[in-house]
Each structure stands twice: as C-alpha cells, then as structure tokens.
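To start, the structure itself, in structure tokens.
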Amino acid sequence: AQSVTQLDSQVPVFEEAPVELRCNYSSSVSVYLFWYVQYPNQGLQLLLKYLSGSTLVESINGFEAEFNKSQTSFHLRKPSVHISDTAEYFCAGVSGGYQKVTFGTGTKLQVIP
Amino acid sequence: GAGVSQSPSNKVTEKGKDVELRCDPISGHTALYWYRQSLGQGLEFLIYFQGNSAPDKSGLPSDRFSAERTGGSVSTLTIQRTQQEDSAVYLCASSSRVSSGANVLTFGAGSRLTVL
C-alpha cells in the first residue's frame with residue numbers, strides 16, 4: 008500500500024491565483040515529510056521539509072506546507088503562483104527503521120497566464 | 053564530487069540486452085537510493101543502500117534487476133535481458149545521515165533508458 012498519497016495528478020491554476028497541492032500519509036510513515044519539485048527538463052530538488060517543531064514550514068520561493076497530525080496531511084500551498092512555478096511536485100515521507108524514503112505519484116502544477 | 057553523477061544520461065538498447073547504470077554519489081554520503089520514474093507512475097522505489105549493504109531490496113521489479121555498491125561510494129544498477137517495460141528514467145539519490153535521522157535526498161539528473 009502506498010505510504011504517501013497525492014490525490015491530484017494535475018492542477019491547472021491561473022497566474023497570481025492561490026493553489027493547494029494535497030498530500031496525505033499513512034500512519035506507517037514516520038513524521039518526516041518532504042516536498043520535492045521537478046521543473047521541466049530538470050532533476051528533482053528539495054522544496055521544503057518537516058522534521059519536528061513548528062508544524063508550518065516554508066520555502067524560499069513562497070510555498071508553505073502544514074503538518075496536520077489529526078488529518079495525516081501535509082498539503083502544499085502558495086497564495087499567489089507565478090508562471091515559473093510550473094513543475095511537478097512530489098510529496099515524500101520516511102518509513103521503516105532504515106529510512107526508506109517513499110514518494111507520492113506527483114502532481115503536475117500548470118500555471119496559466 | 054559536488055553533486056550526484058549518473059551515467060549514461062541516455063541509453064538506447066535492444067530487447068534482451070543487458071544494461072548497466074552507474075551512480076556516483078556525493079562524497080561522504082552514506083545512503084544511496086535508486087528510483088524509477090515512468091510516465092504517469094511517479095517515483096518507484098527500487099533499492100536503498102546504507103554503506104555497502106542493502107537493507108531493502110523490496111522494490112526491485114524482478115530477478116532481472118540487481119544492484120551493488122562498492123567502497124561505500126559508486127553504485128551500479130544492472131538490468132539483464134531488458135524488456136520494453138523497463139523503459140524509464142532511472143534516478144539515483146544520496147544523503148548523509150543527520151542527527152535527526154531524517155534523510156534529505158540529493159538527486160542525480162537520471163539515466164533515461166529506452167528499450168526497443
């Protein structure tokens with residue numbers, strides 16, 4: 008069974024509109040959660056991470072994600088998207104005692120001018 | 053090296069041939085991961101190394117797939133008797149163990165395999 012679930016395969020949104028990309032994790036996944044981004048024709052790179060402490064984490068380019076234990080979610084949000092945010096976004100979590108990192112199936116964010 | 057290096061970047065092979073994909077992780081990173089990225093399938097976990105040992109091989113799709121890591125550094129993913137369904141981008145990532153135990157992965161650019 009998938010430990011990390013991304014409910015939306017594609018999300019189109021107009022430029023300057025807000026966006027939320029959804030991610031849910033199973034209870035088997037440790038409380039280390041990540042969002043990675045893959046821009047067109049580029050490799051995967053870390054966007055932000057939740058390890059402990061404050062449940063709200065932010066990236067340098069305006070994205071934020073909130074760890075919600077009661078809803079087992081780690082949704083990614085941005086209040087106003089830019090064309091340059093067009094990319095595929097992957098949620099990931101750590102499971103297993105030996106730090107196996109499991110990824111969701113990805114969400115393609117398409118920002119429309 | 054400065055980043056994770058993978059070779060070849062592109063490989064086209066005929067069905068039934070064997071292929072080897074190489075990953076050179078960041079110097080000092082003890083953990084190394086292989087993933088497969090297929091269209092519409094997201095990132096599929098293949099295998100994870102801690103040092104030279106592989107605690108989890110559960111993601112290898114069949115016994116045609118194998119991987120090894122030597123000297124705690126370079127890893128090779130070997131696919132024997134390739135099939136068309138093996139066509140994908142094979143991604144390697146490495147990480148260092150941080151005190152919190154969480155793994156932040158640094159990915160290579162990937163090896164795109166096309167089986168004709």
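Here the protein sequences line up with chains A and B, keeping their order. So my numbering is basically just the index in the first sequence, starting at one, shifted up by 7. So my numbering is basically just the index in the second sequence, starting at one, shifted up by 52. Don't be surprised by glycine CBs; every beta carbon is placed ideally from N, CA and C.
Option in A:S61, A:S59 and A:L53 with minimal Cα separation from F110 (chain A): A:L53
Starting from F97 (chain A), follow its DSSP beta bridges and name the residues at the other end. A:Y43
Under 8 Å: do the segment 26-38 of chain A and the segment 79-86 of chain A share three or more Cβ pairs, one atom per stretch? yes
Contact set between G188 (chain B) and chain A, taken where Cβ atoms lie within less than 7 Å: Since the first and last residues shown for chain B are 53 and 168, residue 188 (chain B) lies out of range.
Run the CB neighbour count on S163 (chain B), radius 10 Å, all protein chains shown included, and call it buried at 16 or more, exposed below. buried
Among A:L51, A:G69, A:T114 and A:N75, which residue has its Cα nearest to the Cα of S61 (chain A)? A:N75
Using a Cβ-Cβ distance cut-off of 9 Å, determine whether N155 (chain B) contacts chain A. yes
Short-range partners of chain A found in the segment 107-126 of chain B, where Cβ spacing is below 8 Å: P107 and D108
Proximity winner among B:P113, B:G124 and B:S148, relative to Q135 (chain B) (alpha-carbon distances): B:P113
Check whether the segment 129-145 of chain B and the segment 64-81 of chain B are in contact - that is, three or more C-beta pairs closer than 8 Å. yes
From F101 (chain B) to V118 (chain A), what does the alpha carbon distance come to, in whole angstroms? 37 Å
Answer yes or no: does any C-beta atom of chain A fall closer than 9 Å to that of Q102 (chain B)? yes
Proximal residues, the segment 53-71 of chain A versus chain B, C-beta separation under 8 Å: L53, K56, L58 and S59
When you check each C-beta in the segment 66-86 of chain B against every C-beta of chain A, which residues fall closer than 9 Å? A83 and Y85
Nearest CA to the CA of E120 (chain B): which residue from B:L84, B:V141, B:L95 and B:G94? B:L84
Helix, strand or coil: which one does DSSP assign to A8 (chain A)? A caution first: A8 (chain A) carries a pLDDT of 43, below 50, which makes its placement in the model unreliable, though a value can still be read off. Note: A8 (chain A) maps to coil in three-state DSSP.
Buried or exposed, going by whether 16 or more other CB atoms sit within 10 Å of the CB of G100 (chain A)? buried
Within the segment 54-78 of chain A, ranges of the beta strand (DSSP E) (whole runs, at least 3 residues): 63-65 and 71-75
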